[in-house]
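Quick note: my numbering has the sequence shown finishing at residue 123, numbered continuously throughout.
Data block below; observations after.
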Amino acid sequence: MNVFLWILQGVLAALFAAAGVTKATQPREKLISQLPWVSDVSTPVVRLIGVAELAGALGLILPGAFDIATVLTPLAATGLAVIMVLAMGLHARRKEPQAIGFNAILLIVAAVIMWGRYGPYAF
1 MNVFLWILQG VLAALFAAAG VTKATQPREK LISQLPWVSD VSTPVVRLIG
51 VAELAGALGL ILPGAFDIAT VLTPLAATGL AVIMVLAMGL HARRKEPQAI
101 GFNAILLIVA AVIMWGRYGP YAF
């Protein structure tokens with residue numbers, strides 16, 4: 001089970017790291033062409049989302065990799081799950097069912113990591 005959780009953590013971290021760096025560094029105009037929802041949100045909020053996603057990605061990997069403060073891994077997964085719930089709300093308002101479905105998948109993966117790392121398979 002530990003190997004399975006590490007694979008999930010790696011995939012989820014890669015996705016959120018890429019998304020986070022993009023949202024934190026790209027110009028607003030380029031983001032709007034890639035992510036239409038950005039037009040409904042202020043630039044500082046988009047940057048904050050990007051930084052939070054990047055921090056969550058690092059939190060999924062680094063504590064377990066260095067065996068320091070491993071409680072941060074399930075906390076990072078919890079934070080990413082909260083971001084996904086909020087994203088689902090935004091996409092629901094915008095009537096974007098495909099985006100809601102993708103966010104739901106990421107939410108489920110984050111929940112599996114939370115359960116696995118908080119529960120019986122904790123580091």
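Even for Gly, the Cβ is constructed at its ideal location relative to N, Cα and C.
A quick note: this is a predicted structure, and the numbers were derived from the prediction, not measured.
Annotation: the continuous alpha helix (DSSP H) that includes residue 61 extends over 43 to 66.
If one requires a minimum length of 3 residues, no beta strand (DSSP E) run lies completely within the region 88 to 118. Counting other Cβ atoms within 10 Å of its Cβ, residue 92 stays below 16 and is therefore classed as exposed. A direct Cα-to-Cα measurement between residue 61 and residue 37 gives close to 28 Å. Straight-line measurement puts the Cα of residue 2 at about 17 Å from the Cα of residue 59.
For residue 117, the closest of 70, 15, 29 by C-alpha to C-alpha distance is 70.
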